[in-house]
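Chemist: Right, I'll just put the structure down here and ask away after.
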Amino acid sequence: MRAIALRFTAAVMAFTFTGSVPAVADGPVTLKVAIVQQIDSMNPFLAVFQSSTEIGRLMYDPLTTYAQDDQRVVEAVAAKWEPSPDKLTWTFTVPGGKKWSDGQPITSRDVAFTYNLMLTNETARTANGSYVANFESVTAPDEQTVVIKTKAPQVTMTALDVPIVPEHKWSSVSDLKNYRNEDFPVVGSGPFILTDHKPGEFIKLKANKDYWRGAPKYDELHFVYFKNSDAAVQALAKGEIDLVNRMAPAQFDSLQGKEGVERNKARGRRFNELLVNPGAQNKSGQFIGDGNPVLRDVRVRRAIAQSIDLESLVKRVSLGYAEIGTGIVPPVFEKYHWEPARRRAFDPAAARAALDAAGYPLRDGTRFSLRLMGRSGRAYDEQASEYIKTSLADVGIRAEVQLVSDDQLNQATTAATYDLAFSGWGANVDPDFILGLHTCAQRPGPDGTGGTTDSYFCDAEYDALYAQQLSEFDEARRIDLVKRMQERFYDQVPSVVLSYENALEAYRGDRFSRFPVQPANGGVIMAQNGVWGYYGAVPALAASSSGGVSGVVIGIAVVAVLVLVSGVLVARRRRVTAEERE
Amino acid sequence: MRIAGKLLGAGVSLGMIVVLGFLLFRVIPGDPVVSWARGRPVTPEMLASMRSSYGLDKPLFVQFLSYAGGLLHGDMGQSFSYNRPVLDVIGERVGPTLLLVGTSTVIAVILGLWLGIRSAWRRASTFDRVSTSVALALWSTPTFWLGMLLMIATGDLFPSRGMRDTDTAPDFVSQSLDVAHHLVLPSVTFVAVVYAQYQLVMRSSMLEEMHAPYLTTARAKGLRDDLVRRRHAVPNALLPAVTLVFLHLGLVVAGAITTETVFTWPGLGLLFYDALSGLDLPLLQGLLVVTAGAVVVMNLLADLLYGVLDPRVRAA
Chain W
198 MRAIALRFTA AVMAFTFTGS VPAVADGPVT LKVAIVQQID SMNPFLAVFQ SSTEIGRLMY
258 DPLTTYAQDD QRVVEAVAAK WEPSPDKLTW TFTVPGGKKW SDGQPITSRD VAFTYNLMLT
318 NETARTANGS YVANFESVTA PDEQTVVIKT KAPQVTMTAL DVPIVPEHKW SSVSDLKNYR
378 NEDFPVVGSG PFILTDHKPG EFIKLKANKD YWRGAPKYDE LHFVYFKNSD AAVQALAKGE
438 IDLVNRMAPA QFDSLQGKEG VERNKARGRR FNELLVNPGA QNKSGQFIGD GNPVLRDVRV
498 RRAIAQSIDL ESLVKRVSLG YAEIGTGIVP PVFEKYHWEP ARRRAFDPAA ARAALDAAGY
558 PLRDGTRFSL RLMGRSGRAY DEQASEYIKT SLADVGIRAE VQLVSDDQLN QATTAATYDL
618 AFSGWGANVD PDFILGLHTC AQRPGPDGTG GTTDSYFCDA EYDALYAQQL SEFDEARRID
678 LVKRMQERFY DQVPSVVLSY ENALEAYRGD RFSRFPVQPA NGGVIMAQNG VWGYYGAVPA
738 LAASSSGGVS GVVIGIAVVA VLVLVSGVLV ARRRRVTAEE RE
Chain D
35 MRIAGKLLGA GVSLGMIVVL GFLLFRVIPG DPVVSWARGR PVTPEMLASM RSSYGLDKPL
95 FVQFLSYAGG LLHGDMGQSF SYNRPVLDVI GERVGPTLLL VGTSTVIAVI LGLWLGIRSA
155 WRRASTFDRV STSVALALWS TPTFWLGMLL MIATGDLFPS RGMRDTDTAP DFVSQSLDVA
215 HHLVLPSVTF VAVVYAQYQL VMRSSMLEEM HAPYLTTARA KGLRDDLVRR RHAVPNALLP
275 AVTLVFLHLG LVVAGAITTE TVFTWPGLGL LFYDALSGLD LPLLQGLLVV TAGAVVVMNL
335 LADLLYGVLD PRVRAA
């Protein structure tokens, strides 16, 4: 027993003194990023979570992408694109010279293969099926040309966020549903190559030195998983990781003045809204759910909007890390964002007068009661609900706050069993998705399923404008249509856009001197519509890998202490038994 | 005969777990397909095809039969969110959980029993008062808070997440040392919060034995105080503690959801948390069967072991 213990201690000592600890100072330069969301799949046809799609973009270029500075459409796999005069046929050109990470050339056949797989295989449509729903056919007449025919004109043809995969690897995949795409290194076309994935722990990628835009300026990109965002912020402060996002205002403030840490307060793509059930109906026009019927009156909805002070909501609940809400396209997408000529003023007196005029007089201090639902555990909902409750009470509306789980709230909005509810969406560069959510077609069918809206807005004028913008290829005219839709939405108040949240990020400025943000004016590093933040990161001059030596030394110390303690215990035990024998 | 009865009982418990697990998670409000589609561009056709591929469009009874049938063949179904067999997903998380909760439980048991015996023996001494109140204070501390506090207090000494670094050398020794390094904070947190129960149970059952006549006899024989305690008092006082230890061994598999969440330890607890937030029904059912099954099996073992430890149980 003692011999074994001795030998083990000797081994530990030998390890310590020979210093077989890897010398990290001149090792590869690694960017370590915290991700707080789990990875569902590395198979780009199945990956749905935001974290997985973001990593997918690093591995595979799409057909076209968005520029870093102003988010205009720029080259990715395809360098040129041209619609036919009737806008039903699109021709994309894949230039020669681009290569997969295994050296094979990227051709139009890979593009046609990817889209045709999605058109013919239902499983391949799991993640990105909506992009090809309007496709008639996809062909590759030669190595450099892809021809896509659509059933109806589609304005979002340069916004196809679908990773293009190599045909020579994927044509042999027979069971797509169970294919994990983890044969490392995974062959791709993006700036990074996937080399390792340990579920629940980390994802490792290495730089693709042959990337057609040029090699990234550092060697490896590691994503480490954090379930606890406080721990991620701590880890950044300690230098264990280099980049973190999705911080709460208080966490962001806690990093102020921290040595070596730089913060980025970015204009985000997400907004918070307060849904106001406008009398939810299904596709057949039958009322569903149990929303308070008074909300069907647009004058009541406007009065509610008027009674909430958005400015102090931003100041007090978001601690100033947000912008006041107006249209449903956030201002970070400058082109399509709509700002009213005159914002609806916060005016409780006018709201009271409007409610009186609409026929809802005060009785015993109350006009009517509404349920106000939010997510329990979400700081914004918890604080804003109390605030809105007080504002509504001020105009004579009693609000009963119900904070419930994520799933319960989803169920309530799906079944329209709410009066007021907190919600929020993230918009994309192309506004089609966020606008389409509020059309009549997004309401559930008569069986209660198939709906994706949560606002239950169904308005003939809005729908007509939506259909027009979808086939309007003149950008200036489309922008005008999109703004008119937002104006209509603002006027009809199926929801009140409360605020556009800032995306709060921080990084180790002592290890990475610069990260390109998208858009250049106040944009984000992570969760971009592209790969610029990771791809263009510039290491600081004296950058070295983090962690390493001290970690291993402490590991050794821990083992040594355990050995020592057990040694003492064994020795003591022996002495005692010896005494007993006497 | 006694053993056959126990086995039958365990079997019935397992069957009930399967049924309950199936119904329980379907009572949770929410729709997995809606959770899946939230915030993404999807067409109604995609929603319908998702629902049918999950089998959610079939009547509950049919869903249960196909689930139970699969279970008999060792098939727990396909996880909604990971698109992989549930058994695979659970399998890769069992190791880390056993490592964390196993190590911590062993330490907590040894520490708790030792402190319990000492403090009962020197009842009302300073040692007793201090150790009991410290144990109670830690027992009532929220795990989450204690974990974060330790993380901040220890500064750079220990990593704040996970089981290993991404850039540790791949050889066995470096990997093991790295894992040991990562194990310190989560296991200290876990031990600190749970050891009190062993200490308190051991202390009170020791106190019951303290005035037993056989101890007086032992002392009269001239045995040293130390020996009286170790040879006579402890073995008799150990039975209630053994029951408790075995009950907790079953819970080892269930892991420590909070500890794993604070330190992002890639075990079953973290998986449970993720599965619940995404309403991954097959994964939740699988986790319940595995974790509850472990408790049932450990209880069975405790029952059988009781007979070995205490002849009176065998006779009964």
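Each protein sequence line maps, in turn, to chains W and D. Each number in the numbering used here corresponds to the 1-based position in the first sequence with 197 added. Each number in the numbering used here corresponds to the 1-based position in the second sequence with 34 added. Virtual Cβ for every residue (Gly too), placed ideally from N, Cα, C. Model, not experiment: these values are computed from the prediction.
(1) Kindly indicate if chain W contains any beta-carbon less than 8 angstroms away from that of residue 344(D).
(2) Taking buried to mean at least 16 other C-beta atoms within 10 Å of its own C-beta, is residue 206(D) buried or exposed?
(3) By Cβ distance, which residues of its chain are closer than 6 angstroms to residue 141(D), with the 5 residues on each side in sequence left out?
(4) Taking DSSP as the reference, what is the three-state secondary structure of residue 697(W)?
(5) Among 632(W), 725(W) and 540(W), which has the Cα closest to the Cα of residue 264(W)?
(6) Give the range of the alpha helix (DSSP H) segment to which residue 130(D) is assigned.
(7) Across the segment 479–494 of chain W and the segment 628–636 of chain W, are there enough close Cβ pairs to call them in contact, namely three or more that are closer than 8 angstroms?
(8) Would residue 179(D) count as contacting chain W if we go by Cβ distances under 8 angstroms?
(9) Quick check on the DSSP output: what are the complete alpha helix (DSSP H) runs of length 4 or more inside the segment 229–259 of chain D, in order along the chain?
(10) Within the segment 404–453 of chain W, note down every full alpha helix (DSSP H) run reaching 4 residues or more, in order along the chain.
(11) Is there at least one Cβ from chain D nearer than 8 angstroms to residue 401(W)'s Cβ?
(12) Output yes if chain D places a C-beta closer than 8 angstroms to the C-beta of residue 396(W); else output no.
(13) If contact is defined by three or more beta carbon pairs under 8 angstroms, each pair taking one atom from either stretch, is the segment 700–717 of chain W in contact with the segment 450–469 of chain W?
(14) Quick one: grab the DSSP three-state call for residue 711(W).
(15) Could you please tell me which residues of the segment 89–110 of chain D, in chain order, have their CB closer than 8 angstroms to any CB of chain W?
(16) Closer than 7 angstroms between beta carbons: that is the criterion. Which residues of the segment 235–247 of chain W meet it against chain D?
(17) Let me know the secondary structure DSSP gives residue 505(W) once reduced to three states.
(18) Just checking my contact of residue 606(W) with residue 618(W) at CB under 8 angstroms: how many whole Å lie between their CB atoms?
(19) Can you look up residue 702(W) in the DSSP assignment and give me helix, strand or coil?
(20) With a threshold of 16 other CB atoms inside 10 Å of the CB of residue 53(D), please say whether the residue is buried or exposed.
(21) In whole angstroms, what is the alpha-carbon distance linking residue 242(W) and residue 258(W)?
(22) Please name the residues in the segment 298–332 of chain W whose beta-carbon is closer than 9 angstroms to at least one beta-carbon of chain D, in chain order.
(23) Residues of chain W with a CB under 7 angstroms from the CB of residue 197(D): which are they?
(24) Who pairs with residue 793(W) in a beta bridge, going by DSSP?
(25) For the beta strand (DSSP E) that contains residue 393(W), what are its first and last residues?
(26) With DSSP as the reference, identify every bridge partner of residue 287(W), one or two as the case may be.
(27) Among 581(W), 324(W), 387(W) and 379(W), which residue has its Cα nearest to the Cα of residue 393(W)?
(28) Looking at the structure shown, is residue 361(W) part of a helix, part of a strand, or coil, going by DSSP?
(29) Going by CA-CA distance only, name the one from 474(W), 676(W), 350(W) and 658(W) that's closest to residue 568(W).
(30) Among 760(W), 339(W), 591(W) and 524(W), whose alpha-carbon lies nearest the alpha-carbon of residue 563(W)?
(31) When Cβ atoms are compared, which residues of the segment 408–423 of chain W fall closer than 7 angstroms to chain D?
(32) Using the Cα positions of residue 559(W) and residue 547(W), report the straight-line distance between them to the nearest angstrom.
(33) DSSP state of residue 93(D), grouped into three classes?
(34) What residues are listed by DSSP as bridge partners for residue 199(D)?
(35) Are the C-beta atoms of residue 65(D) and some chain W residue less than 8 angstroms apart?
(36) List, in chain order, every chain D residue whose beta-carbon is nearer than 9 angstroms to that of residue 379(W).
Modeler: From the atom records:
(1) No, because no Cβ of chain W sits closer than 8 angstroms to the Cβ of residue 344(D).
(2) The residue is exposed, with fewer than 16 neighbouring Cβ atoms inside 10 Å.
(3) The beta carbon of residue 141(D) lies closer than 6 angstroms to those of 225 in the same chain, with the five residues before and after it left out.
(4) In the structure shown, residue 697(W) falls within a strand segment according to DSSP collapsed to helix, strand and coil.
(5) Nearest of 632(W), 725(W) and 540(W) to residue 264(W), Cα basis: 725(W).
(6) Taken as a continuous stretch (DSSP letters only), the alpha helix (DSSP H) holding residue 130(D) covers 120–155.
(7) Judged by Cβ distances under 8 angstroms, the segment 479–494 of chain W makes no contact with the segment 628–636 of chain W, as fewer than three pairs qualify.
(8) Taking Cβ atoms only, chain W never reaches closer than 8 angstroms to residue 179(D), which makes this a no.
(9) Those alpha helix (DSSP H) runs which fall completely within the segment 229–259 of chain D and span 4+ residues are 247–254.
(10) Those alpha helix (DSSP H) runs which fall completely within the segment 404–453 of chain W and span 4+ residues are 426–435 and 446–451.
(11) Contact with chain D is found for residue 401(W), since one of that chain's Cβ atoms lies less than 8 angstroms from the residue's Cβ.
(12) Closer than 8 angstroms to some Cβ of chain D, the Cβ of residue 396(W) qualifies, so yes.
(13) With the cut-off at 8 angstroms, the segment 450–469 of chain W and the segment 700–717 of chain W touch.
(14) Reduced to three states, the DSSP call for residue 711(W) is strand.
(15) Correct list: empty, as no residue qualifies.
(16) Result list: 235, 237, 238, 243 and 245.
(17) The answer is coil: DSSP assigns residue 505(W) none of H, G, I, E or B.
(18) Contact flag correct, Cβ pair sits at about 7 angstroms.
(19) Under the three-state reduction of DSSP, residue 702(W) is assigned to strand.
(20) Residue 53(D) should be labelled exposed.
(21) Here the alpha carbon of residue 242(W) sits roughly 14 angstroms from the alpha carbon of residue 258(W).
(22) Listed by position, the residues of the segment 298–332 of chain W near chain D (Cβ gap below 9 angstroms) are 319, 320, 322, 323, 324, 325, 326, 327, 328 and 330.
(23) Residues of chain W passing the Cβ test: 398.
(24) Any property of residue 793(W) remains undetermined from this structure, which presents chain W solely from 198 to 779.
(25) Looking at the DSSP string, the run of the beta strand (DSSP E) that includes residue 393(W) is 389–395.
(26) Looking at the DSSP assignment, residue 287(W) forms a beta bridge with 280(W) and 345(W).
(27) Closest in C-alpha terms to residue 393(W), from the list 581(W), 324(W), 387(W) and 379(W), comes 379(W).
(28) DSSP places residue 361(W) in coil when its eight states are reduced to three.
(29) Among 474(W), 676(W), 350(W) and 658(W), the Cα nearest to that of residue 568(W) belongs to 474(W).
(30) For residue 563(W), the nearest C-alpha among the options comes from 591(W).
(31) Interface annotation for the segment 408–423 of chain W against chain D: 419, 421, 422 and 423, criterion Cβ-Cβ distance under 7 angstroms.
(32) Rounded to the nearest angstrom, the gap between the Cα atoms of residue 559(W) and residue 547(W) is 15 angstroms.
(33) In the three-state reduction of the DSSP assignment, residue 93(D) falls in the coil class, being assigned neither a helical nor a strand state.
(34) In DSSP, residue 199(D) forms no bridge with anything.
(35) Residue contact with chain W for residue 65(D): present (Cβ-Cβ distance below 8 angstroms to some residue of chain W).
(36) None at all; the shortest Cβ gap to chain D is about 11 angstroms.
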